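Taking it in order: structure first as structure tokens, then the write-up.
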Amino acid sequence: MINDFKTLFPDFNSAELFKEINNVASTREFVTDEVLIDLGGYIKTIPLIVSGLVKIVKEDNDGNELLMYYLAPGQTCTVSLTCCMSQQKSEIKAVVEEDAKMIMVPIKYMDEWMIKYKDWRKFVMNNYRTRFEDLFQTIDSIAFHKLDERLLTYLKTKAKAKKVTILKATHKEIAYDLNSSREVVSRLLKQLEKQGGIELGRNMIDLSKLL
DNA sequence: ACATTAATTGTGT
DNA sequence: ACACAATTAATGT
């Protein structure tokens with residue numbers, strides 16, 4: 074199915090599980106900005122990320138957004154796991170940040186696999202743990218740090234997730250992710266540029282000096 | 001190459 | 001937060 078499946082998902086050791094995934098799952102490609110799941114939607118498949126990047130944002134009814142965390146290859150959307158098992162509406166939105174390929178597993182196998190395969194349980198639990206860690210970092214950033222520090226953390230996190238040193242993004246997009254306003258982001262970015270560290274250009278932020 | 005327009009970024013209040 | 005200015009990139013002629 075996927076040649077480097079084993080390196081991507083080292084938790085899946087059982088040949089039986091592997092075979093079963095092969096049988097019931099299909100791979101799908103997504104392009105940037107595709108919405109995997111929106112606020113209030115229901116999910117019917119669990120995506121295992123093979124390549125690309127997905128961002129998970131909290132969204133309120135007024136259209137405010139706030140970046141929660143990224144999903145990288147080898148990971149899955151843990152929130153969809155819980156909410157699909159109880160068939161609840163989604164509280165979050167998942168947007169493709171970079172063209173991505175995913176293995177789509179229908180949710181009907183979840184209950185069964187959790188019981189049947191230790192490897193699957195382990196994978197889900199590990200995923201929970203790392204996602205929670207990401208989330209705690211985000212909460213920490215929001216609760217205890219000023220926006221300028223948050224912005225810097227955001228830039229670093231994003232660069233790391235995308236594995237780049239030069240980010241392509243507009244101030245508007247950044248403001249959305251941080252649930253702030255474009256003007257504020259522009260001003261803070263300019264400060265960061267003056268104080269050394271980053272270089273600004275249209276649609277791009279160079280972080281190479283920081284990393 | 002130049003003019004026009006749209007998008008992005010900067011700034012004052 | 002809003003209004004507007006300035007700059008830059010994209011597109012048409």
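Residues in the first sequence are numbered from 74 upward in steps of one, following the numbering used here. All C-beta atoms in this analysis are idealised placements derived from N, C-alpha and C, irrespective of residue type, glycine included. For clarity, every value in this text was computed on a predicted model and none was experimentally measured.
Exercise. So Ile-176 and Val-104 are in contact, right, with Cβ under 8 Å, and what is the actual spacing, rounded?
Worked result: Position 103 of the first sequence holds residue 176. Position 31 of the first sequence holds residue 104. Their Cβ separation, rounded to whole angstroms, is 17 Å, which puts Ile-176 and Val-104 out of contact at 8 Å.
For this session: Tell whether a beta-carbon distance below 8 Å holds between Tyr-142 and Leu-208.
Result: The residue given as residue 142 occupies position 69 in the first sequence. The residue given as residue 208 occupies position 135 in the first sequence. Yes, the Cβ-Cβ distance between Tyr-142 and Leu-208 is below 8 Å.
Exercise. Taking the alpha carbon of Asp-111 as the point to measure from, which residue in Ile-94, Val-97, Val-169, Lys-79 has its own alpha carbon closest?
Worked result: As a first step, residue 111 is located in the first sequence; it is residue number 38 there, counting from the start. Out of Ile-94, Val-97, Val-169, Lys-79, Val-169 has the C-alpha closest to the C-alpha of Asp-111.
For this session: Classify Tyr-227 as buried or exposed, calling it buried when 16 or more other Cβ atoms lie within 10 Å of its own Cβ.
Result: Against the first sequence, residue 227 aligns to sequence position 154. Burial call: buried.
For this session: Using 10 angstroms around the beta-carbon of His-218, count the other beta-carbons present and answer buried if the total reaches 16, otherwise exposed.
Result: Taking the first residue of the first sequence as position 1, residue 218 is located at position 145. By the neighbour-count rule (16 or more Cβ atoms within 10 Å), His-218 is not buried but exposed.
For this session: Could you tell me if Lys-231 is buried or exposed, where buried requires 16 or more neighbouring beta carbons within 10 angstroms of its beta carbon?
Result: Here residue 231 refers to the residue found at position 158 of the first sequence. The residue in question, Lys-231, is buried, as its Cβ has 16 or more Cβ neighbours within 10 Å.
Problem set entry | Runs of beta strand (DSSP E) wholly within the stretch 230-254 (minimum 3 residues, chain order) | none
Exercise. When DSSP labels each residue in this structure, what does Glu-107 get in the three-state scheme?
Worked result: Along the first sequence, one-based indexing puts residue 107 at 34. Reduced to three states, the DSSP call for Glu-107 is coil.
For this session: Return the first residue and the last residue of the alpha helix (DSSP H) that Ile-89 is part of.
Result: Here residue 89 is taken as the residue at index 16 of the first sequence, counted from 1. As written in the sequence, residue 89 is Glu, which differs from the Ile given in the question. Residues 88-97.
Exercise. Hey, how far is the Cα of Ile-129 from the Cα of Asp-221?
Worked result: Counting from one through the first sequence, the residue named residue 129 turns up at place 56. Counting from one through the first sequence, the residue named residue 221 turns up at place 148. Going by the C-alpha atoms only, they are around 22 Å apart.
Problem set entry | Spatial neighbours of Tyr-182 in its chain, beta-carbon cut-off 8 Å, leaving aside the 5 residues before and after | The count along the first sequence starts at 1 and reaches residue 182 at position 109. Correct list, in chain order: Glu-93, Val-97.
Exercise. Smallest Cα separation from Val-108: which of Gly-147, Ile-165, Asp-250?
Worked result: Stepping through the first sequence from its first residue, residue 108 is reached at position 35. The option with the nearest alpha carbon to Val-108 is Ile-165.
Problem set entry | Neighbourhood of Glu-185 by C-beta, 6 Å cutoff - its chain only, sequence neighbours within 5 removed | Along the first sequence, read from residue 1 onward, the residue named residue 185 stands at position 112. Counting only Cβ-Cβ distances below 6 Å, and skipping sequence neighbours, we find nothing.
Exercise. What three-state label does DSSP hand Tyr-143 in the structure shown?
Worked result: Here the question's residue 143 lines up with position 70 in the first sequence. The answer is strand: DSSP assigns Tyr-143 an E or B state.
Exercise. In the DSSP assignment, what are the bridge partners of Val-152?
Worked result: Locating residue 152 in the first sequence gives position 79, where the first residue counts as 1. Paired residues: none, contrary to the question.
Exercise. How should Tyr-115 be labelled, buried or exposed, when 16 other C-beta atoms within 10 angstroms of its C-beta is the threshold for buried?
Worked result: Here residue 115 corresponds to residue number 42 of the first sequence, with the count starting at 1. Exposed, since its Cβ has fewer than 16 Cβ neighbours within 10 Å.
Problem set entry | Sub-8 Å separation of Phe-82 and Gly-147 beta-carbons | Counted from its first residue, the first sequence places residue 82 at position 9. Counted from its first residue, the first sequence places residue 147 at position 74. Yes, the pair counts as a contact, with Cβ atoms nearer than the cut-off.
Exercise. According to DSSP, which residues form a beta bridge with Ile-129?
Worked result: In the first sequence, residue 129 corresponds to position 56, counting from 1. Ile-129 is bridged to Tyr-142, Ala-167.
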